[in-house]
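Shown next, in structure tokens, is the structure this report addresses.
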Amino acid sequence: MKVGLLGFGKTGKAVASVLLQSKETNLQWVVRKSHNLEHRSVPEFLGIASDEPGFIHSIEEFSAAELLDRLPVDVIIDFSSEQGLEYYGEEARSRGIAVVSAISSYSRKKVEYLAYLAEKTRVVWSPNITIGINFLMIAAKILKNIAPYTDIEIVEEHFKAKQEVSGTAKKIAAALELPCESIKTVRAGGIIGVHEILFGFPYQTVRLKHESITREAFGNGVLFAANHIGEKENGLYGMEDLLLPYFNLGSACAS
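Residues 0 to 254, numbered by numbering that gives the first Met the number 0, are exactly what the sequence shown covers, in order.
Structure, rendered in structure tokens:
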């Protein structure tokens, strides 16, 4: 599976590392805003032995059409910003290239644009694309359905410089029909990301907790999404849509 990656910050580098080490993907290119590292080999930069092309290009060097003509891909992976859609969106739609976006927050217009792209191709959007956090969200909704009377608290922890409430925590709150204002936040040190949902029963407490130990966890989620989106029809999906089939108890026991 040939893939292209937008975004080469801390998380983008970690994702690129996972992609390069996977036998399921072939990293064709990386696009970033800055001209720094332009034309550098991603495997060489990350110190990974690989014969995959994976050269770094700036967003101004080639249009998406020019880049895709030179180095076509099956999936575009987006870890840039919500403006990244403006770079590749129309080309992905017209060429039927699948999109896996891990942008933490989109404006309403951008979400509508994702739906527009999904009319002609397959799009996965997950603010937190780790497998564990999406498993947690499904489990939390199941538990709330079982016991809707419980007290529920959401706590999210991130690195000190992160100012806004995490998009993942907001998504959890929306899924559990809780106001975003009720989310408790902790900012300290270099915490990559911790999300905890506490269910307070009269005589017991259930805690569902997920912690990203390294940013490579996002790369594992990307691989899962890229491998499973091929099974879907054109449309806009979340990671939960890809994970739900595994909640079939019969399938789980059989495997």
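Glycine residues also receive a C-beta, built at the ideal position from the N, C-alpha and C atoms.
For the pair residue 105 and residue 232, the Cα-to-Cα distance works out to about 23 Å. Straight through space, the alpha carbons of residue 53 and residue 246 are spaced by roughly 36 Å. Inside the segment 83-126, DSSP marks whole alpha helix (DSSP H) runs of 4 or more residues at positions 83-94 and 107-116, from first to last along the chain.
Pairwise C-beta distances place the segment 10-21 out of contact with the segment 62-71, as fewer than three of them are shorter than 8 Å. Look at the beta carbons and you see the segment 168-178 not touching the segment 210-218: under three pairs across the two are nearer than 8 Å. Between residue 102 and residue 120, the C-beta gap is not smaller than 8 Å, which leaves the two residues out of contact. The bridge partners DSSP lists for residue 204 are 199. Annotated as proximal: residue 56 and residue 37, with beta-carbon spacing under 8 Å. Uninterrupted beta strand (DSSP E) stretches at least 3 residues long and entirely within the segment 135-176 occur at 150-157, given in chain order. Using a Cβ-Cβ distance cut-off of 8 Å, the segment 138-150 and the segment 177-186 are not in contact, since fewer than three pairs of beta carbons, one from each stretch, lie closer than that value.
Counted as a single uninterrupted DSSP element, the stretch harbouring residue 2 is not any alpha helix (DSSP H) but the beta strand (DSSP E) occupying residues 1-5. In the three-state scheme derived from DSSP, where H, G and I count as helix and E and B as strand, residue 34 is classed as coil. One alpha carbon belongs to residue 83, the other to residue 5, and they sit about 7 Å apart. Assigned with DSSP and collapsed to three states, residue 234 falls in strand. For residue 39, no beta strand (DSSP E) run applies, since DSSP gives it neither H nor E.
Pairing residue 24 with residue 225 gives a Cβ-Cβ distance under 8 Å.
Excluding residues up to 5 positions away in sequence, 0 and 1 lie with their Cβ nearer than 6 Å to the Cβ of residue 73 in the same chain.
The criterion of a C-beta distance shorter than 8 Å is not satisfied by residue 193 and residue 76. In the displayed model, residue 246 falls within a helix according to three-state DSSP. Under DSSP, residue 180 takes part in no beta bridge, so it has no partner.
Approximately 29 Å separates the beta-carbon atoms of residue 151 and residue 113; this is outside 8 Å, ruling out the contact.
DSSP lists 28 and 40 as the beta-bridge partner residues of residue 54.
For residue 77, the enclosing beta strand (DSSP E) stretches over residues 74-77.
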